[in-house]
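Visitor: Mind looking over this structure? Questions follow.
In the working numbering, the protein residues as written are 1 to 360.
This is the structure in structure tokens:
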């Protein structure tokens, strides 16, 4: 349950965080800011960053009801758009689109992503392609949603979601009890507090009590703070994989898999191996055009062995045509796990999923 106050507070927080780009970046290509609003407003991220914040800035909103990537690029070019609130998937689709060179995206000044991790290599390609700054935020629906963002007057830091917004406090507490703050450099659960936090879950008092304790919202996300105070999100508590006695988060492995030129999307989960009474790291990938088959899987396993500790290397990688997604476009990890559990990984061939190879 959000109030008008909590939603307006978050709109003001995000506006003041980026106000230099709204008020002082002159001249605009079309005379004033033009924002491409291609994220649905029923999603809290779209409501705040693609509607409320631009309205506070006096910007022109360009609504894209069916946000296909080519339509988004066409709108940017036609209206000389300056701001693009985006998702990581949207950024990936733009930089990898075969006809991206047909569009003039040079009017863009600032883009912000959130909702899921974005690999740095893709972020750099987007900034080089458009000339825009690309910054990264963090939040959750229960917090309005934005709580952290990289500062727009500084260069973004790879893998980081930056610092808390104005009037936002946070803590990182131990994963065992949730009571004690952990030092910088050690992972723990992220807690936040601020005017943008929800009142609770509608008619779900027990869940509200678990999420809101002593005035702090327990996000369920595992985070780490570096020595410079930059925050990095490792993943969801419930998505942590314990392999060979070590804890790891799927986002790290997914980011490495997506860095391969042959991979469009990747999803990593832990799958129980009853024969060894242990958890296996396994992955689904969606290949890019021209890639596939055993050659791609072998290349990915070699990449993982080169850059990851042995316990993080997937024991199996399967190629599929598309990843299971939630209605909001996030990876549906339960469905990913069910698909991996149901598949031996050896039937089919290139272009016919699933297809895979085991790392034994």
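Backbone N, C-alpha and C fix where the C-beta goes; we use that ideal spot for every residue, glycine too.
If you draw a straight line from the C-alpha of residue 166 to the C-alpha of residue 194, how long is it?
Guide: Roughly 9 Å separates the two Cα atoms.
Visitor: In the DSSP assignment, what are the bridge partners of residue 236?
Guide: 221
Visitor: Determine contact between the region 81 to 90 and the region 209 to 224, defined as no fewer than three beta-carbon pairs at a distance below 8 Å.
Guide: no
Visitor: Let's see if you can read the secondary structure: which residues bound the beta strand (DSSP E) around residue 45?
Guide: From DSSP, residue 45 is part of no beta strand (DSSP E) but of the alpha helix (DSSP H) over 44 to 47.
Visitor: Using a Cβ-Cβ cutoff of less than 7 Å, which residues in the same chain neighbour residue 305 once the five nearest sequence positions on both sides are dropped?
Guide: Excluding sequence neighbours, residue 305 sits near 313.
Visitor: Look up residue 1 in the DSSP assignment and say whether it is helix, strand or coil.
Guide: Note: residue 1 maps to coil in three-state DSSP.
Visitor: Compute the minimum distance between the beta carbon of residue 235 and the heavy atoms of the ligand PLP, and state whether it is under 8 Å.
Guide: In terms of ligand content, the structure shown is empty, and the ligand PLP therefore cannot be addressed.
Visitor: Pull up the DSSP beta-bridge partners for residue 211, would you.
Guide: Its beta-bridge partners do not exist; DSSP assigns none.
Visitor: Going by Cα to Cα distance, which pick from 137, 326, 91 is closest to residue 230?
Guide: 137
Visitor: With distances taken from CA atoms, which of 112, 177, 233, 329 is nearest residue 133?
Guide: The shortest Cα separation from residue 133 among 112, 177, 233, 329 belongs to 112.
Visitor: Taking DSSP as the reference, what is the three-state secondary structure of residue 252?
Guide: helix
Visitor: Specify the secondary structure class of residue 330 as computed by DSSP and reduced to three states.
Guide: Note: residue 330 maps to coil in three-state DSSP.
Visitor: Note down, in chain order, each residue of its chain lying with its Cβ closer than 6 Å to the Cβ of residue 40, except the 5 sequence neighbours on either side.
Guide: 46
Visitor: Suppose only complete runs of 4+ residues qualify. What are the alpha helix (DSSP H) ranges in the region 274 to 299, listed by chain order?
Guide: none
Visitor: Which one of 22, 43, 173, 35 has the shortest CA to CA distance from residue 326?
Guide: 43
Visitor: Would you be able to state if there are at least three C-beta pairs under 8 Å between the region 118 to 130 and the region 139 to 151?
Guide: no
Visitor: Looking at the unbroken beta strand (DSSP E) that takes in residue 189, where does it start and where does it end?
Guide: 188 to 193
Visitor: Leaving out five residues before and five after residue 287 in sequence, what residues of the same chain have Cβ atoms less than 7 Å from its Cβ?
Guide: Answer for residue 287: 262, 263, 264, 296, 319, listed in chain order.
Visitor: Per DSSP, what kind of secondary structure is residue 365 in: helix, strand or coil?
Guide: Because the chain in this structure spans residues 1 to 360, residue 365 falls outside the shown range and cannot be described.
Visitor: With a threshold of 7 Å on Cβ separation, who are the neighbours of residue 215 within its own chain once the five nearest residues in sequence on each side are excluded?
Guide: 193
Visitor: Can you tell me whether DSSP reads residue 184 as helix, strand or coil?
Guide: coil
Visitor: Identify, in the order they occur along the chain, each residue of the same chain with its Cβ nearer than 6 Å to the Cβ of residue 360, setting aside the five sequence neighbours on each side.
Guide: Only weak support exists for where residue 360 lies, its pLDDT of 49 falling under 50; the value from the coordinates is given anyway. Excluding sequence neighbours, residue 360 sits near nothing in its chain.
Visitor: Is residue 223 near residue 232, with beta carbons less than 9 Å apart?
Guide: yes
Visitor: One question on the structure: do residue 34 and residue 60 come within less than 9 Å of each other, judged by their Cβ atoms?
Guide: yes
Visitor: Under 9 Å, do residue 242 and residue 340 count as touching if we go by C-beta distance?
Guide: no
Visitor: In angstroms, rounded to a whole number, what distance separates the CA positions of residue 347 and residue 94?
Guide: Any reading at residue 347 needs caution, since the residue's pLDDT is 33, under 50, leaving its predicted position unreliable; the model's value is listed next. Near 33 Å, if we compare the C-alpha coordinates of residue 94 and residue 347.
Visitor: What is the DSSP secondary structure of residue 216, counted as helix, strand or coil?
Guide: strand
Visitor: With a cut-off of 8 Å on the beta carbons, I'd call residue 109 and residue 90 a contact; round off their distance for me.
Guide: Actually they do not touch by this definition, with Cβ atoms about 17 Å apart.
Visitor: On the DSSP letters alone, give me the boundaries of the beta strand (DSSP E) that residue 60 sits inside.
Guide: Element bounds for residue 60: 60 to 63.
Visitor: Who are residue 169's beta bridge partners in DSSP?
Guide: Per DSSP, 193.
Visitor: Buried or exposed: where does residue 213 fall if 16 or more other Cβ atoms within 10 Å of its Cβ makes it buried?
Guide: Residue 213 should be labelled exposed.
Visitor: Could you spell out where the alpha helix (DSSP H) holding residue 55 opens and where it closes?
Guide: 53 to 56
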